[in-house]
Amino acid sequence: MTSFSHPLLQLTRARLLEFVREPEALFWVFVFPVLMALGLGIAFRNRPAESLAVAVQDGYGAEALASSLDSFPNIRANVLDVEEARNQLRTGKVALVLIPGDSITYVFDPTRSESQLAKRIVDDAVQRSGGRADPVRVGEQYLTEPGSRYIDFLIPGLLGLNLMGSGMWGIGFNIVQARRKKLLKRLLATPMRKSQYLLSYVLSRFVFMVVEVAALVGFGWLVFDVRVHGSLVDLLIVSIVGALAFAGLGMLTASRAKTLEGVSGIMNLVMMPMWIFSGVFFSYSRFPEAFQPFIKLLPLTSLLDALRSIMTDGAPLSANFGQLLAIAAWGLLSFGIALKIFRWN
Amino acid sequence: MSNGKGAAVRCSGLKKSYGSVVAVDGLDLEVRTGECFGLLGPNGAGKTTTVEILEGLLEPDAGDLEVLGMRWGEDDRALRQRLGVQLQETELAEKLSVEETLELFRSFYQQGPTPEEVMRIVGLEEKRRAWVSKLSGGQQQRLAIACALVCKPELLFLDEPTTGLDPQSRRQLWDLVHDFKTKGGTVVLTTHYMEEAHRLCDRVAVVDHGRIIALGSPSELIAALGAEHVVEISVEKDDHAIDTWLREVTGVQDVRRERDGIFLTVSEVHRTIPALMSTLKDRNVELSNLTTHHATLEDVFVSLTGRHLRDD
Chain U
1 MTSFSHPLLQ LTRARLLEFV REPEALFWVF VFPVLMALGL GIAFRNRPAE
51 SLAVAVQDGY GAEALASSLD SFPNIRANVL DVEEARNQLR TGKVALVLIP
101 GDSITYVFDP TRSESQLAKR IVDDAVQRSG GRADPVRVGE QYLTEPGSRY
151 IDFLIPGLLG LNLMGSGMWG IGFNIVQARR KKLLKRLLAT PMRKSQYLLS
201 YVLSRFVFMV VEVAALVGFG WLVFDVRVHG SLVDLLIVSI VGALAFAGLG
251 MLTASRAKTL EGVSGIMNLV MMPMWIFSGV FFSYSRFPEA FQPFIKLLPL
301 TSLLDALRSI MTDGAPLSAN FGQLLAIAAW GLLSFGIALK IFRWN
Chain V
1 MSNGKGAAVR CSGLKKSYGS VVAVDGLDLE VRTGECFGLL GPNGAGKTTT
51 VEILEGLLEP DAGDLEVLGM RWGEDDRALR QRLGVQLQET ELAEKLSVEE
101 TLELFRSFYQ QGPTPEEVMR IVGLEEKRRA WVSKLSGGQQ QRLAIACALV
151 CKPELLFLDE PTTGLDPQSR RQLWDLVHDF KTKGGTVVLT THYMEEAHRL
201 CDRVAVVDHG RIIALGSPSE LIAALGAEHV VEISVEKDDH AIDTWLREVT
251 GVQDVRRERD GIFLTVSEVH RTIPALMSTL KDRNVELSNL TTHHATLEDV
301 FVSLTGRHLR DD
């Protein structure tokens, strides 16, 4: 045994080499999540509030009214003829039409919330330029801190999604491929321990998991200033438990399948509900109350809750003990079943 | 059957069915230590199923089996330490190199040569850094055998090791097996190439429908035909009535027809050919082709079953 390394080390090394020599796998695991974060981060970035577009119907005093409204920084007013003004109101290009005169008339659709808002802002401006004095002085303070933006919600979501995807696809595909090529059968003809073969997948997942987490968290931090408010060690521990859970699930889905098509079908079936319900892209609280117990059972839900609690809220690991237990239970249970029902031939 | 030297494999009454298909149907055999034993038969004869039962990869439905004096189910990992296995159609991991593949397989065994030595034995030293996917068919097959040799096996199983290989690669593999045997190793080999069985095997079991229908050394089996040569002729204006009077020709043991040819099994070519020529002339039958060859294991199989080993 002496000069030849341990079978578990050799098996894990083989896994790692096979993976890094697969450019597509590298793309899906490391590049794709970063591109997704970049795309969504740009699309849903926080923009300064747009100025309000309103129309002043052509007539006596229209020009004066429009220019006095225009002097407010958050209002853009244009003079339009009757027909065009109504037209733009109907199509939503302006939120409000003003008819000038001795008394000013506001024309708007009361069922549209932006028109209601426009009426208040414009009325405020009209009254003030008419000479109204505000009896109470007020100040404003703005809160757009990192932590409250969409990207802050999204990065932990993508992190969990990636841990799930790469665990399931990376392990499931490789195992089914080895079974299809009769490589599993060949290994069965050696004195190799079956548990070590399966364990080598879990170990190789841990190695890649660290890189995945570092890539996505690092990207979020550098490009969007998404901070980890809790401890990095806690984040890593949660990711390890998550990676274990999905490695187990990946193995379970691949334990019997004979074809790549077969295993893809099962994997999509397992992952699809989590894509939708577990709160990757939006909070699962949007789903009806009746769905919640089911949603909370899903391993990705627990993982995302724990990741967000550490990254965004800066909570300690102990606050996520329940979630960790649930994720680990998923992993151990599926690993155990996989080992029992695994098809080598 | 035992020669006292101890058997590497001994089995009796081996049976295995897949649903209603009987793959192995009460098979008995004994492989002696140090010999190369061949299972010769057409595709679907049950050779692979038999070998996989011997390798402990399949469980037989019935029968008694002993490999290297041990039984499957007792201490399988200890037994596997002593066996070298090459399976039909195994594809090794494409993106590992020759050397990495051998290092992986070597790590499963307690003793054996280094990957370095095995690469030299199978002649893949120059390909050590090449990925498995970049190897030719012959090189991949030599690597498969190298993986079987990393444990210094006492017993080597080869399941159709040369199927699909070009003649040169086939000969390289034969040399490998021959070397292994010379050093005292025991080999169990399946093949549907009669030439391979003839060249490599000390003894051959002809297998058909999951049973052994003949057993012996290649020359014994051929001798049992009672005729050592085959004369193949084709004639103009062929007519099946010819068969009757061909049987009457001096030295002809058997007449059979296939693929537009008439095959005569004969014991002495030099007596039969002149007699054949004069008979054909008397009957006014024009020859369009005549060839002769030594009887082979193929002829043995055809005479036993009426079918060919390969249906191509």
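In the order they appear, the protein sequences are chains U and V. FYI, my numbering numbers position 121 of the first sequence as 121, with every residue one higher than the one before it. FYI, my numbering numbers position 86 of the second sequence as 86, with every residue one higher than the one before it. Note that the Cβ used here is the ideal one computed from N, Cα and C, for glycine as well. The structure displayed is predicted, hence computed values, not measured ones.
Beta carbon proximity, residue i to chain U, threshold 9 Å
i                      : result
residue 12 of chain V  : no
residue 85 of chain V  : yes
residue 1 of chain V   : Confidence in residue 1 of chain V is poor, its pLDDT being 41 and thus under 50, which makes the residue's placement unreliable; the coordinate value appears in the next sentence. Not one chain U Cβ lies under 9 Å of residue 1 of chain V.
residue 154 of chain V : no
residue 298 of chain V : no
residue 201 of chain V : no
residue 74 of chain V  : no
residue 268 of chain V : no
residue 151 of chain V : yes
residue 147 of chain V : yes
residue 131 of chain V : yes
Chain V within 9 Å of residue i, Cβ atoms only
i                      : result
residue 257 of chain U : no
residue 14 of chain U  : yes
residue 3 of chain U   : With a pLDDT of 46 at residue 3 of chain U, under the threshold of 50, the modelled position of this residue cannot be trusted; read the value that follows with caution. Residue 3 of chain U counts as touching chain V.
residue 37 of chain U  : no
residue 24 of chain U  : no
residue 212 of chain U : no
residue 17 of chain U  : yes
residue 339 of chain U : no
residue 176 of chain U : no
residue 11 of chain U  : yes
7 Å Cβ cut-off: residues of chain V touching residue i
i                      : result
residue 183 of chain U : 90, 91, 92 and 93
residue 21 of chain U  : 95
residue 203 of chain U : What residue 203 of chain U touches in chain V: nothing, since even the nearest Cβ is about 15 Å away.
residue 268 of chain U : Result: empty, since nearest Cβ-Cβ is about 25 Å, beyond 7 Å.
DSSP-derived helix/strand/coil call for residue i
i                      : result
residue 104 of chain U : coil
residue 267 of chain U : helix
residue 270 of chain V : helix
residue 201 of chain V : coil
residue 18 of chain V  : strand
residue 76 of chain U  : strand
residue 11 of chain U  : helix
residue 117 of chain V : helix
residue 344 of chain U : coil
residue 293 of chain V : strand
residue 130 of chain V : coil
residue 256 of chain V : strand
residue 212 of chain U : helix
residue 71 of chain U  : coil
residue 70 of chain V  : strand
residue 308 of chain V : coil
Neighbouring residues, chain U, relative to residue i (Cβ below 7 Å)
i                      : result
residue 77 of chain V  : 191
residue 141 of chain V : What residue 141 of chain V touches in chain U: nothing, since even the nearest Cβ is about 13 Å away.
Whole-angstrom C-beta distance between residue j and residue i, which should lie under 8 Å
i                      : j                      : result
residue 292 of chain U : residue 305 of chain U : Incorrect: roughly 12 Å between the Cβ atoms, too far for contact.
residue 144 of chain V : residue 230 of chain V : Going by Cβ atoms, the distance from residue 144 of chain V to residue 230 of chain V rounds to 35 Å, so no, they are not a contact pair.
residue 266 of chain U : residue 277 of chain U : No, residue 266 of chain U and residue 277 of chain U are not in contact; Cβ-Cβ is about 18 Å, not under 8 Å.
residue 230 of chain U : residue 326 of chain U : Between residue 326 of chain U and residue 230 of chain U the Cβ distance is about 19 Å, and since that is not below 8 Å, they are no contact.
residue 102 of chain V : residue 150 of chain V : 6 Å
residue 166 of chain U : residue 29 of chain U  : 4 Å
Chain-ordered neighbours of residue i on chain V, where CB pairs are closer than 9 Å
i                      : result
residue 293 of chain U : Within chain V, no residue comes near residue 293 of chain U; the closest Cβ sits about 43 Å away, beyond 9 Å.
Beta-carbon neighbours of residue i, restricted to chain U and to distances below 8 Å
i                     : result
residue 80 of chain V : 189, 190 and 191
residue 99 of chain V : Simply none; closest approach about 11 Å.
Chain V residues whose Cβ lies nearer than 8 Å to that of residue i
i                      : result
residue 6 of chain U   : 107
residue 345 of chain U : 57 and 58
Contacts of residue i in chain U (Cβ-Cβ under 9 Å)
i                      : result
residue 160 of chain V : Residues of chain U passing the Cβ test: none, with the nearest at roughly 13 Å.
Residue i at chain B interface by Cβ criterion, 9 Å
i                      : result
residue 282 of chain U : Among the protein chains in the structure shown, which are U and V, there is no chain B.
Output needed in chain order: residues of the region 185–197 of chain U with a Cβ under 9 Å from some Cβ in chain V. 185, 186, 187, 188, 189, 190, 191, 192 and 193
Chain-ordered residues of the region 45–71 of chain V with a beta carbon less than 7 Å from chain U: 55 and 57
Can you list, in chain order, the residues of the region 102–122 of chain V whose Cβ is nearer than 7 Å to any Cβ on chain U? 103, 104, 105, 106, 107, 108, 109 and 110
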